[in-house]
Amino acid sequence: GQQVMQIPQYQHVQEGEDFTTYCNSSTTLSNIQWYKQRPGGHPVFLIQLVKSGEVKKQKRLTFQFGEAKKNSSLHITATQTTDVGTYFCAGRRGNQFYFGTGTSLTVIP
Amino acid sequence: DAGITQSPRHKVTETGTPVTLRCHQTENHRYMYWYRQDPGHGLRLIHYSYGVKDTDKGEVSDGYSVSRSKTEDFLLTLESATSSQTSVYFCAISESSAGNQPQHFGDGTRLSIL
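Written out as structure tokens, the structure is:
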């Protein structure tokens, strides 16, 4: 079964609106990584979170790792058309990363 | 982008035929991974390698085998392809599995089994 759940599956926003995607695991994760995949492309690494409660920012993107290290979120402020793509979380357990199902973001100009 | 080349990029074949996909890297990274990507499932790990001749199973390894005879090459083989193995296959590499290294992905192979 799916080790890491990610919601929502799809999100359509008007340009300038905010966007958030959430990842949840039933078990504790060693760390979590976030990737972005443009349509027709391959996943590209964005960031890694390791510590409980960690928050990291990359310009308009804010990444958070839960206190229990079982959940994570990615928030984009004031979306732009360049943000279009599918965002995946990948939680590490043991030697393997378990990817979420992804959230496909569409930004309407 | 990391130096990762997947071949072929596209392949159409028939059920029951053997298929081998190749991943070649020029980064000298120790770890290599094979994932499949399907709608509604995200990326699922098939097999991974942590060194030459050292491989292990991922969460969806049934029907697949791998080999790594050189650091730079990681082969994925479908011994007898089935329609359920129609998918996009991505290879990824990372410097280590310590959990602090990102995975760099190739451009993918689109495989159709008819």
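Here the protein sequences line up with chains A and B, keeping their order.
Here our numbering is used: the first residue of the first sequence is 7, the next is one more, and so on.
Here our numbering is used: the first residue of the second sequence is -16, the next is one more, and so on.
The beta carbon of each residue, even a glycine, is placed where N, CA and C say it ideally should be.
Note that this is a predicted model, so its numbers are computed, not measured.
Counting other Cβ atoms within 10 Å of its Cβ, P22 (chain B) stays below 16 and is therefore classed as exposed. Closer than 8 Å to the CB of P45 (chain A) there is not a single CB belonging to chain B. Residues are counted here when their Cβ sits less than 7 Å from a Cβ of chain B; for the stretch 59 to 77 of chain A the count is zero. Taken through DSSP and simplified to helix, strand or coil, S77 (chain B) comes out as strand. Scanning chain A for C-beta atoms nearer than 8 Å to the C-beta of Q68 (chain B) yields nothing, as the closest lies near 18 Å away.
Between the stretch 9 to 23 of chain B and the stretch 68 to 76 of chain B there are three or more C-beta pairs closer than 8 Å, enough to call the two in contact. For Y47 (chain B), there is no enclosing beta strand (DSSP E), as DSSP marks it with neither H nor E. The C-alpha of G106 (chain A) is placed about 9 Å away from the C-alpha of Y28 (chain A). In this structure, L59 (chain B) keeps its C-beta atom at 8 Å or more from the C-beta atom of G41 (chain B). The straight-line gap separating the alpha-carbon atoms of P14 (chain A) and F57 (chain B) is approximately 34 Å.
Of the other Cβ atoms in all chains shown, 16 or more fall within 10 Å of the Cβ of S32 (chain B); this residue is therefore buried. Judged by pairs of C-beta atoms under 8 Å, the stretch -10 to 6 of chain B does not touch the stretch 74 to 94 of chain A, as fewer than three such pairs exist. Interface residue (Cβ-Cβ distance to chain A less than 8 Å): P(-9) (chain B) is not classified as such.
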